[in-house]
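Chains as they are written, first to last, in this note's numbering: chain U, 11 to 335; chain B, 199 to 520.
The beta carbon of each residue, even a glycine, is placed where N, CA and C say it ideally should be.
Bear in mind the structure is a predicted one, so any value in this text is a computation, not a measurement.
Contents: one structure, followed by commentary.
The following block contains the structure:
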């Protein structure tokens, strides 16, 4: 891989990390309402997968969707404004963190329903096949989602129709407060692919180069009409389920153990050792990211809230005759 | 004018639109080879290869794929075998289809039609006989269509296939075989426009789907007894034509609402509440409601007949107002 691509991956991962850290602070300070689920520690997956997608390819995301949104190429300003509930947000303040979306880049939305995005991605892939547009759809979800019926129905449907879809399981070990060890009937989620006669691969989700390589293959396979793949990337949810989660269900040791394997430090080490990154370049990259984020925060802060009556817009394309009251 | 069946009218609407718009395709259980369990898709599988797809029995994935395909720029028609099975794909309708445009701030268009046969058949029992339209009426973000005649079915389906919003298209299974006049020329019926199926001056009966036919039969019966009934077919429940209903009640001074769905908390209650608020001074009597009794639909013919309303219930409800 050439240096440019490597640094671009690094930049995206770092951008997600800093965005999430900033969001955590803003939430704790009371500037962001609602619930916030952070992607810290899982950055390599969204980054590695989305780097292989075209702008017009589709992704569906989860309640933990900031990383996917950034990796697909979203603008931080309307993103942050949406988290603030401001009218300049991607969803004009109607979605928030759990429903962030940017259809202009094929990001079909974070989804508050676990495994809710899976059939949507299958449908987007079906549309691509019917249209002959060669677009690929990627469904991101976590280990918990693979216990839902929509996962199984979706994989089966995608398999029988050989749809251009890639199922990306971010096995972050924890579904809310439940350990995947207790809730999964299998050791590896990828084993479940065999039930649907599609390739299932388990890999280290904290290794950006591995994520990039495997998702490239799966996406090419999908685009060439060879059908879906289930990729399971093992990773770890370094933060609680949501900001403010007291995390009574797991030990500090477990988190510390995984911190040693976190993806950004690992990738940085690789970049330094191979001469792709210098201290100076790292500083430049970091500063530009921090600036971009601060600009987004300023944009969000200075944007107006929607007026109450805005609640009665955006429901239908054609709302003639519809009673809102 | 020629007469065709309700089923044929739907098929014509779908075929005409598929002919014109390559983005329309359809999927569901038993539709391509079988033509749909009620025959609506008969011949379409051969006519439009690759665009009429048989699915596995996976209602969640079927409904969800309908949403996803619409988001990705296609115009899917989704068929759920029986409305009763929509429960297996409810999240995809209520939490996804209904909310995606709204919660994403209007970024999305959802040009998807969910067709589903509802209502009693012939002793189909509790899990193949329901009328569940009120669930969808209660969910902001879905349009709800409930046609009663071949003419309406075709015109409303044509409109549904031009709609950029998700449409729940509820088809009563006892109506598929009925015949009615349908012109050869193309036409569309807009959503939110009721149809006065019978003019009358003494009482207004608001009905949909099969109960329109029962109400018309009741009106004939009541005419013999000197009561002149106006029958209004709402045709769509979201949006619904409140103007036509209010206008009619202001004329007749009496109202009965009739649906096959369970009466308790059925959409008829919404009509009643609206009329009480907006035409209270015009009412000469309390308002009558006709709907199924609040039990699951039982199997045995005498039990089913007792639970599900028919024209006699409408006659009775009207007579109570005089």
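What separation, rounded to the nearest whole angstrom, lies between the Cα atoms of residue i and residue j?
i                      : j                      : result
residue 288 of chain B : residue 258 of chain B : 7 Å
residue 14 of chain U  : residue 314 of chain B : 53 Å
residue 339 of chain B : residue 364 of chain B : 8 Å
residue 266 of chain B : residue 134 of chain U : 5 Å
residue 113 of chain U : residue 377 of chain B : 44 Å
residue 171 of chain U : residue 237 of chain U : 8 Å
residue 264 of chain B : residue 362 of chain B : 13 Å
residue 54 of chain U  : residue 248 of chain U : 13 Å
residue 203 of chain B : residue 482 of chain B : 39 Å
residue 522 of chain B : residue 327 of chain B : Nothing about residue 522 of chain B can be read from this structure; chain B reaches only from 199 to 520.
residue 183 of chain U : residue 43 of chain U  : 27 Å
residue 1 of chain U   : residue 202 of chain U : The question about residue 1 of chain U has no answer, for chain U in this structure spans 11 to 335.
residue 255 of chain U : residue 273 of chain U : 23 Å
residue 322 of chain U : residue 332 of chain U : 11 Å
residue 426 of chain B : residue 486 of chain B : 16 Å
residue 322 of chain B : residue 251 of chain U : 46 Å
residue 391 of chain B : residue 381 of chain B : 19 Å
residue 460 of chain B : residue 447 of chain B : 24 Å
residue 444 of chain B : residue 476 of chain B : 7 Å
residue 66 of chain U  : residue 160 of chain U : 25 Å
residue 386 of chain B : residue 269 of chain B : 25 Å
residue 226 of chain U : residue 64 of chain U  : 12 Å
residue 580 of chain B : residue 188 of chain U : This structure does not reach residue 580 of chain B, given that chain B is present from 199 up to 520, and the question cannot be answered.
residue 352 of chain B : residue 213 of chain B : 11 Å
residue 409 of chain U : residue 27 of chain U  : Outside the modelled stretch of chain U, which goes from 11 to 335, sits residue 409 of chain U, for which no answer is possible.
residue 206 of chain U : residue 168 of chain U : 9 Å
residue 100 of chain U : residue 33 of chain U  : 16 Å
residue 41 of chain U  : residue 108 of chain U : 16 Å
Taking all protein chains shown into account, decide if residue i is buried (16 or more other Cβ within 10 angstroms of its Cβ) or exposed.
i                      : result
residue 196 of chain U : exposed
residue 349 of chain B : buried
residue 341 of chain U : Residue 341 of chain U cannot be examined here, being either before or after the span of chain U that is shown, 11 to 335.
residue 110 of chain U : buried
residue 298 of chain U : exposed
residue 62 of chain U  : buried
residue 279 of chain U : exposed
residue 137 of chain U : buried
residue 290 of chain B : buried
residue 181 of chain U : buried
residue 12 of chain U  : exposed
residue 216 of chain U : buried
residue 463 of chain B : exposed
Among the residues of its own chain, which have a CB less than 7 Å from the CB of residue i, if the five just before and after it don't count?
i                      : result
residue 266 of chain U : none
residue 451 of chain B : 480, 481 and 482
residue 2 of chain U   : In this structure chain U extends from 11 to 335, so residue 2 of chain U is not present and cannot be described.
residue 306 of chain B : 269, 298 and 299
Excluding five sequence neighbours on each side, which residues of the same chain lie with their C-beta closer than 6 Å to the C-beta of residue i?
i                      : result
residue 407 of chain B : 344, 346 and 370
residue 84 of chain U  : 112
residue 221 of chain B : 272 and 273
residue 320 of chain U : none
residue 22 of chain U  : 57 and 81
Is the CB-CB distance between residue i and residue j below 8 Å?
i                      : j                      : result
residue 276 of chain B : residue 293 of chain B : no
residue 241 of chain U : residue 179 of chain U : yes
residue 302 of chain B : residue 119 of chain U : yes
residue 208 of chain U : residue 165 of chain U : yes
residue 515 of chain B : residue 488 of chain B : yes
residue 372 of chain B : residue 404 of chain B : no
residue 309 of chain U : residue 87 of chain U  : yes
residue 490 of chain B : residue 505 of chain B : yes
residue 29 of chain U  : residue 277 of chain U : no
residue 232 of chain U : residue 175 of chain U : yes
residue 156 of chain U : residue 123 of chain U : no
residue 399 of chain B : residue 429 of chain B : no
residue 388 of chain B : residue 357 of chain B : yes
residue 50 of chain U  : residue 60 of chain U  : no
residue 209 of chain B : residue 238 of chain B : yes
Excluding the five sequence neighbours on either side, which residues of its own chain have a C-beta within less than 8 Å of the C-beta of residue i, listed in chain order?
i                      : result
residue 186 of chain U : 154 and 251
residue 310 of chain B : 264, 265, 267, 268, 273, 274, 275, 276, 295, 364 and 365
residue 163 of chain U : 129
residue 193 of chain U : 153, 154, 157 and 185
### Query
When the Cβ atoms of the region 118 to 137 of chain U are set against those of the region 294 to 304 of chain B, are three or more pairs found closer than 8 Å?
Contact holds: three or more Cβ-Cβ distances are below 8 Å.
### Task
May I ask you to verify whether the region 317 to 335 of chain B touches the region 316 to 333 of chain U, counting CB pairs closer than 8 Å and requiring at least 3?
Between the region 317 to 335 of chain B and the region 316 to 333 of chain U there are fewer than three C-beta pairs closer than 8 Å, too few to call the two in contact.
### Cβ contact (3+ pairs, closer than 8 Å) linking the region 233 to 240 of chain B and the region 142 to 159 of chain U
Counting C-beta pairs closer than 8 Å gives fewer than three between the region 233 to 240 of chain B and the region 142 to 159 of chain U, which falls short of the contact rule.
### Task
Check whether the region 467 to 481 of chain B touches the region 375 to 390 of chain B, taking contact to mean three or more Cβ pairs, one atom from each stretch, closer than 8 Å.
With the cut-off at 8 Å, the region 467 to 481 of chain B and the region 375 to 390 of chain B do not touch.
### Message
Under 8 Å, with one C-beta from each stretch per pair, do the region 86 to 105 of chain U and the region 304 to 319 of chain U reach the 3-pair mark?
### Response
The region 304 to 319 of chain U and the region 86 to 105 of chain U touch, with three or more beta-carbon pairs separated by less than 8 Å.
### Query
Within the chosen definition, does the region 72 to 80 of chain U reach the region 299 to 306 of chain U through at least 3 CB pairs nearer than 8 Å?
Using a C-beta cut-off of 8 Å, the region 72 to 80 of chain U makes no contact with the region 299 to 306 of chain U, since fewer than three inter-stretch Cβ pairs fall below that distance.
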